[in-house]
Structure formats: C-alpha cells, structure tokens
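The numbering of the sequence shown is the numbering used here, which starts it at 1382 and goes up by one.
Working notes, beginning with the structure itself.
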Amino acid sequence: VCEAMSSSLAVVACASLAGFTRQVTDTGLEVMWTTLATLRSSMADEFSQLCIEMVGAARSREGGTQLFEVFASADGQVQMFERFDSSAAALEHLSFFDRDFAHRWDSCVEACAPLRVCGAADEAL
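Given below as structure tokens:
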C-alpha cells in the first residue's frame, strides 16, 4: 500500500488504476477520506474495470467530487483518496456508490478498512 500501516513509512510501488482531479476549492466545508483494501485473488482485472467505471461516473454526474484516485500494488493492496466540496457531496457520492457499485466492490475486495474521514464532516456522514 502507498502508505505504511505501521509507524514507519514504507515506499511501495503503486500503479494508478483510475483517477481525476477537478479544481480543488478551499471553502472550509470540504471533506476528504481515504481507505485501504485488499483484493480477492484473481480479481485484479475486474477491480481495475470497476475503478474506471466508478471514476467515470463520479466525473460525469458528481459535480461536488473534487478528487477521486485509486492506487494498487502488485500484491493486491489498494488505497483510495477522495475529496468533496462538502458533506452533502460526499453523501451523494455514497448514495451513487451504494446503488451502482457496492455489490461489485464487495465481490472484488476481501477486506476493507473503515473510511478515515477528515474535514468538515457533518453527523450524517
């Protein structure tokens, strides 16, 4: 994974599976999160395609998504970074994810760390 899970920093080769960045604003309302996941064996190709579709959907229909990047290492470790204009935009993103992608995500991933949320997240998030 791009970020070590211990107190020491490890540099691991990661490939960008998919991503985009819009103009990043700084209004004080932004929300950012990251998560770590482990792919099921033999699901790398399926997961890569899923990431391309998720990023494409976020780019085309989620104006409040500022950043969406997915990285993977050769051993199946994944790290995702996402940034939103506001909690409302993050909730909209989660709604689309639950409806359109969660079932495929669950079939590709065997373990997923909880989201680490930063910024001005409201209680609904």
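Ideal placement from N, C-alpha and C gives every residue a C-beta, glycine not left out.
Using a Cβ-Cβ cut-off of 8 Å (strictly less than) and excluding sequence neighbours within five positions of residue i, which residues of its own chain qualify?
i	result
residue 1497	1414, 1415, 1416
residue 1473	1443, 1445
residue 1489	1420, 1421, 1424, 1427, 1428, 1431
residue 1478	1435, 1486
residue 1495	1416
residue 1468	1410, 1412, 1501, 1502, 1503, 1505, 1506
Run through DSSP, which three-state label would residue i get?
i	result
residue 1428	helix
residue 1437	helix
residue 1482	coil
residue 1454	strand
residue 1473	helix
Ordered along the chain, which non-local residues of its own chain (more than five positions away) have a Cβ less than 6 Å from that of residue i?
i	result
residue 1442	none
residue 1418	1459, 1490, 1493
residue 1435	1482
residue 1466	1445
Could you spell out the range, first to last residue, of the beta strand (DSSP E) harbouring residue i?
i	result
residue 1497	1497 to 1500
residue 1417	1412 to 1420
residue 1494	That residue, residue 1494, is in no beta strand (DSSP E); it is neither H nor E in DSSP.
residue 1408	Here residue 1408 belongs to no beta strand (DSSP E), and DSSP marks it neither H nor E.
For residue i, which residues does DSSP report across the bridge?
i	result
residue 1575	The structure shown has nothing for residue 1575, since the chain only spans 1382 to 1506.
Enumerate in chain order the residues of its own chain whose CB-to-CB distance from residue i is below 7 Å, with the five nearest sequence positions on each side excluded.
i	result
residue 1471	1412, 1465, 1506
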